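Our numbering numbers the first residue of the sequence shown as 3 and each following residue consecutively. Please read the structure below before turning to the comments.
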Amino acid sequence: MAAYVEAGLSAEQLRDPDVLHRVRLTAFIAVTAGALTLLLVPSAMIAAVAPASGAAVAGCLVSAGLHLIAPLVLRATRSLAVTAHLFAGHVFAGLALSTLLAGGLRSPTLVAAPVVVPLAMLIGGRRAGVLWALVICLYLGGLYAAERAGLVPIDMVKEEGWTTAALASAVGVVAGIVWLLAQHDVLRSRALARERRVSSKLANAEIAEREARLAAAQSEAQQVAGQTLLNTMSHELRTPLNAIIGYSEHMLECAEDGQQPREEQLESLRTIIAAGRHLVTMISDLLELSRAESEGLALKREPVELGPLIREVTRTLTPLAERKGLTVAVELAAEPRLIHTDRVQLGRALTCLLSNAIKFTGDGGVTVRSRGVGLAGASGCEIEVQDTGIGIPPERIEDVFMPFSQVDSSHTRRFGGAGLGLSLASRIVEGLGGSIQVRSELGVGSSFTIRLVD
């Protein structure tokens, strides 16, 4: 029945959960009311006096038929309010007639009169319920006034059948109300469940859309960063290559003329070697980052002494710092002395952080510290590289480890490098099962801390 009514609703009504709930409730009320009315036929035959028993039975049958017509009215009119008033109207008319014919205020069917109010409210809403509550009150007041005025209503109920009729009316009302409220609760629960499912689907759709937008934004950022990297690498590769070619041609010309002093030759050779090493470093970083992204790291875990490893890395890069007038300090804690990790990869990550610190520090120096810590219930260590360099703007700290991303392209031009060191260090440390924490203040310096669990 409910499906039949829903088939005639508009698209807007079908999208309204409250309308669907009331439509299904209307179909249930119509069937239930019709069935209960038919069950009253035996009591009407018993309670009514002989001339009126046939009319009472006919009234019950007509009323049951009118109940069952309500869903058809709803489908035809598509109006819950109209259906509610028509349904409540014919129920009230039947009750009013039976009350008038069965003793007025002493009628056994009077107990069913208030049922009109919840029926109207459940189908048509609060306004329909309030309207029919006023109608019932006015009707009961009219009966009372008629009785006080001496207008005795007709009484077609046999004395011996009054109790049977009253009991049948009371039981029917109670059973109908209980059954109606139970079905209302069931339908409401189903409606809420459907609403939750729809809300969940909408939430999932919003999450998927948000993730798609984020992925698109990240893809676009990667494309921009890749183009920036291409431009930067083009500049960075040309610089040492031009130096190598230029100084080589100069040395060749001088060698042919035999005029270049030995010291100038040595300086030219040093420049060529430095440029070549710079090229090797950039290409190595790019290859290592590409390998870490595509294949992952090939790890060889073993007991590693932190002190000797840190001293080895700092000793290698100290000449670079000294040429810039910087100091490199090492502060090692007594514990942990050993940590199980990949020595080569940890050394490469530390080299990236230290060379980055030296590159972006103009005055002062760089300090490398180690200390033992407890991480997630396990022992571990921290290796901190702190500098007094240019610092990082707060809004760009999250970007420093992104592949093919640089904090500021002008810094790359000013300080050199392709901006791959921090990305490579981050990938290595993540592969070792650790993390890198960053603290920085613009114009004061930065601190990069490697955290590893033993």
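Glycine is no exception: its CB is placed at the ideal position from the N, C-alpha and C atoms. Since the model is a prediction, treat every value here as computed from it, not as a measurement.
Short check: CB of residue i to CB of residue j, under 9 Å?
{"i": "residue 330", "j": "residue 375", "result": "no"}
{"i": "residue 28", "j": "residue 138", "result": "no"}
{"i": "residue 384", "j": "residue 454", "result": "yes"}
{"i": "residue 306", "j": "residue 348", "result": "yes"}
{"i": "residue 365", "j": "residue 449", "result": "no"}
{"i": "residue 392", "j": "residue 440", "result": "no"}
{"i": "residue 85", "j": "residue 72", "result": "yes"}
{"i": "residue 352", "j": "residue 387", "result": "yes"}
{"i": "residue 122", "j": "residue 90", "result": "yes"}
{"i": "residue 451", "j": "residue 438", "result": "yes"}
{"i": "residue 321", "j": "residue 278", "result": "no"}
{"i": "residue 266", "j": "residue 256", "result": "yes"}
{"i": "residue 118", "j": "residue 102", "result": "no"}
{"i": "residue 363", "j": "residue 447", "result": "yes"}
{"i": "residue 303", "j": "residue 427", "result": "no"}
{"i": "residue 34", "j": "residue 181", "result": "yes"}
{"i": "residue 338", "j": "residue 382", "result": "yes"}
{"i": "residue 334", "j": "residue 312", "result": "yes"}
{"i": "residue 332", "j": "residue 318", "result": "no"}
{"i": "residue 87", "j": "residue 130", "result": "yes"}
{"i": "residue 308", "j": "residue 372", "result": "yes"}
{"i": "residue 112", "j": "residue 149", "result": "no"}
Count the other CB atoms within 10 Å of the CB of residue i; is the residue buried (16 or more) or exposed (fewer)?
{"i": "residue 244", "result": "exposed"}
{"i": "residue 411", "result": "Unreliable positioning characterises residue 411 in this predicted model, as indicated by a pLDDT of 49, which lies under 50. A coordinate reading is not provided."}
{"i": "residue 195", "result": "exposed"}
{"i": "residue 1", "result": "Lying before the first or after the last residue shown, residue 1 is absent from the chain, which here runs from 3 to 456."}
{"i": "residue 206", "result": "exposed"}
{"i": "residue 310", "result": "exposed"}
{"i": "residue 18", "result": "exposed"}
{"i": "residue 286", "result": "exposed"}
{"i": "residue 323", "result": "buried"}
{"i": "residue 344", "result": "buried"}
{"i": "residue 120", "result": "buried"}
{"i": "residue 22", "result": "buried"}
{"i": "residue 442", "result": "buried"}
{"i": "residue 282", "result": "exposed"}
{"i": "residue 215", "result": "exposed"}
{"i": "residue 275", "result": "exposed"}
{"i": "residue 132", "result": "exposed"}
{"i": "residue 24", "result": "buried"}
{"i": "residue 82", "result": "buried"}
{"i": "residue 93", "result": "buried"}
Provide the residue span of the alpha helix (DSSP H) that contains residue i, from first to last.
{"i": "residue 349", "result": "345-361"}
{"i": "residue 130", "result": "128-150"}
{"i": "residue 390", "result": "Careful: residue 390 lies outside any alpha helix (DSSP H) and carries neither H nor E."}
Can you look up residue i in the DSSP assignment and give me helix, strand or coil?
{"i": "residue 403", "result": "coil"}
{"i": "residue 1", "result": "Since the displayed the chain opens at 3 and closes at 456, residue 1 lies outside it and no answer follows."}
{"i": "residue 453", "result": "strand"}
{"i": "residue 330", "result": "strand"}
{"i": "residue 446", "result": "coil"}
{"i": "residue 384", "result": "strand"}
{"i": "residue 320", "result": "helix"}
{"i": "residue 372", "result": "strand"}
{"i": "residue 415", "result": "Its pLDDT being 46, under 50, residue 415 is placed unreliably by the model, and nothing is read from it."}
{"i": "residue 366", "result": "coil"}
{"i": "residue 204", "result": "helix"}
{"i": "residue 299", "result": "coil"}
{"i": "residue 340", "result": "strand"}
{"i": "residue 85", "result": "helix"}
{"i": "residue 52", "result": "For residue 52, the predicted structure reports a pLDDT of 46, less than 50, and the residue's modelled location is therefore unreliable. The matter cannot be settled from this model."}
{"i": "residue 80", "result": "coil"}
{"i": "residue 90", "result": "helix"}
{"i": "residue 1", "result": "Since the first residue shown for the chain is 3 and the last is 456, residue 1 is missing from the structure and cannot be characterised."}
{"i": "residue 325", "result": "helix"}
{"i": "residue 109", "result": "coil"}
{"i": "residue 124", "result": "helix"}
{"i": "residue 20", "result": "helix"}
{"i": "residue 14", "result": "helix"}
{"i": "residue 153", "result": "coil"}
Taking the beta strand (DSSP E) that residue i belongs to, which residues open and close that run?
{"i": "residue 441", "result": "437-443"}
{"i": "residue 425", "result": "Residue 425 -> not in any beta strand (DSSP E); alpha helix (DSSP H) instead, spanning 423-433."}
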